[in-house]
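*Asks:* Here you go, one structure.
Numbering (the working numbering), first residue to last: 24 to 235.
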């Protein structure tokens, strides 16, 4: 399998109506083929089996599509350090919440959550989508009673003020109030939580129907 085969597969799997829908959703300007997630994940699995050099070739390209970013993000394996390097490098290219969330939520995390958060902390100094990625890392890994101290320690370090960062923080706070009510409420009332994040978090809690 070669990169031209990947591009041909994306062309073959594309659906125009889904492409139009996705373009409206992302509003990022990057090329979108319009491949549905199940088909894209199946292609990612084939790439993992048949094309071990895909990630290197991906990063050597000048321009990549929305789907190519997802395919690269789903090429993680058993080596933790390689996975971390891939994520940090890939999030510099991310230009939509969908790329961030779909890659982060499928990422094979380590058992040592403190090391994980520390290794992901370079995202804190990045752009809007890198910082969103860091917040999603916290939310998907550190919401248990034994790990929540990492949220309490690192969330105040996130620079808020951009829509997709604030929305991720609001999502995290909503989940925190649901899963760890006392600690979540304390975090919600913390002075570092901006009015924008607070308003979005309260709206999410109302809409979730899981908060009384």
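Just so you know, even glycine gets a beta-carbon here, dropped at the ideal spot from N, CA and C.
Put residue 176 into one of helix, strand or coil per three-state DSSP.
*Replies:* Here residue 176 refers to the residue found at position 153 when the chain shown is read from its first residue. Note: residue 176 maps to helix in three-state DSSP.
*Asks:* For a test of the three-state rule: what should DSSP assign to residue 97, helix, strand or coil?
*Replies:* Counting from one through the chain shown, the residue named residue 97 turns up at place 74. Residue 97 falls in the coil class under three-state DSSP.
*Asks:* For residue 160, which of helix, strand or coil comes out of DSSP?
*Replies:* Here residue 160 refers to the residue found at position 137 when the chain shown is read from its first residue. Helix at residue 160.
*Asks:* Considering only heavy atoms of the ligand NAP, does any lie closer than 7 angstroms to the CB of residue 230?
*Replies:* No copy of the ligand NAP occurs in the structure displayed, which carries no ligand at all.
*Asks:* Give me the residue from 121, 25, 210 and 82 with the minimum Cα distance to residue 48.
*Replies:* Taking the chain shown and counting its residues from 1, one reaches residue 48 at position 25. Out of 121, 25, 210 and 82, 121 has the C-alpha closest to the C-alpha of residue 48.
*Asks:* Fully enclosed by the segment 35 to 66, which alpha helix (DSSP H) runs are 4 residues long or longer?
*Replies:* Listed in chain order, they are 39 to 49.
*Asks:* Please state whether DSSP places residue 215 in a helix, a strand or coil.
*Replies:* Numbered from its first residue, the chain shown carries residue 215 at position 192. Three-state DSSP puts residue 215 in coil, outside helix and strand.
*Asks:* Short of 6 angstroms in beta carbon distance, which residues of its chain neighbour residue 142, apart from the five on each side in sequence? Order them along the chain.
*Replies:* As a first step, residue 142 is located in the chain shown; it is residue number 119 there, counting from the start. The residues are 107.
*Asks:* Assign residue 105 to one of two classes, buried (16 or more other C-beta atoms within 10 Å of its C-beta) or exposed (fewer than that).
*Replies:* Sequence index remark: in the chain shown, residue 105 carries index 82 (1-based). Per the 10 Å Cβ criterion, exposed.
*Asks:* From residue 222 to residue 91, what distance separates their C-alpha atoms?
*Replies:* For the purposes of this step, residue 222 is taken as residue 199 along the chain shown, with counting starting at 1. For the purposes of this step, residue 91 is taken as residue 68 along the chain shown, with counting starting at 1. Cα to Cα, residue 222 sits roughly 35 angstroms from residue 91.
*Asks:* By the DSSP assignment, the alpha helix (DSSP H) with residue 183 in it spans what residues?
*Replies:* As a working note, residue 183 is residue 160 in the chain shown. From DSSP, residue 183 is part of no alpha helix (DSSP H); its letter is neither H nor E.
*Asks:* What residue does the alpha helix (DSSP H) around residue 140 start on, and which one ends it?
*Replies:* If you number the chain shown from 1, residue 140 lands on position 117. Taken as a continuous stretch (DSSP letters only), the alpha helix (DSSP H) holding residue 140 covers 136 to 143.
*Asks:* Using 8 angstroms for Cβ pairs, my map puts residue 111 next to residue 146. What's the rounded Cβ distance?
*Replies:* Sequence index remark: in the chain shown, residue 111 carries index 88 (1-based). Sequence index remark: in the chain shown, residue 146 carries index 123 (1-based). So it is a contact: roughly 7 angstroms between Cβ atoms.
*Asks:* Is residue 209 helix, strand or coil when you go by DSSP?
*Replies:* Locating residue 209 in the chain shown gives position 186, where the first residue counts as 1. The answer is helix: DSSP assigns residue 209 an H, G or I state.
*Asks:* Note down, in chain order, each residue of its chain lying with its Cβ closer than 6 angstroms to the Cβ of residue 36, except the 5 sequence neighbours on either side.
*Replies:* As a working note, residue 36 is residue 13 in the chain shown. If we look at residue 36 and ignore the five residues flanking it on each side, its Cβ neighbours are 58 and 62.
*Asks:* Whose C-alpha, out of 156, 208 and 115, is nearest the C-alpha of residue 171?
*Replies:* Position 148 of the chain shown, counting from 1, holds the residue named residue 171. Nearest C-alpha to residue 171: 208.
*Asks:* Counting C-beta neighbours from all protein chains within 10 Å, is the total for residue 157 16 or more, i.e. buried, or is it exposed?
*Replies:* As a first step, residue 157 is located in the chain shown; it is residue number 134 there, counting from the start. Buried, because 16 or more other Cβ atoms sit within 10 Å of the Cβ of residue 157.
*Asks:* Assign residue 69 to one of three DSSP states: helix, strand, or coil.
*Replies:* Translated into positions along the chain shown, residue 69 becomes position 46. Here residue 69 sits in helix by DSSP.
*Asks:* Would you call the segment 176 to 183 and the segment 158 to 165 in contact, with 3 or more CB pairs under 8 angstroms?
*Replies:* Yes, the segment 176 to 183 touches the segment 158 to 165.
*Asks:* Going by the beta-carbon positions, is the gap between residue 161 and residue 195 smaller than 8 angstroms?
*Replies:* Taking the first residue of the chain shown as position 1, residue 161 is located at position 138. Taking the first residue of the chain shown as position 1, residue 195 is located at position 172. For residue 161 and residue 195, yes; Cβs fall inside 8 angstroms.
*Asks:* State yes or no: is the C-beta of residue 119 within less than 8 angstroms of the C-beta of residue 67?
*Replies:* Taking the first residue of the chain shown as position 1, residue 119 is located at position 96. Taking the first residue of the chain shown as position 1, residue 67 is located at position 44. It is not a contact, given that the beta carbons lie outside the stated cut-off.
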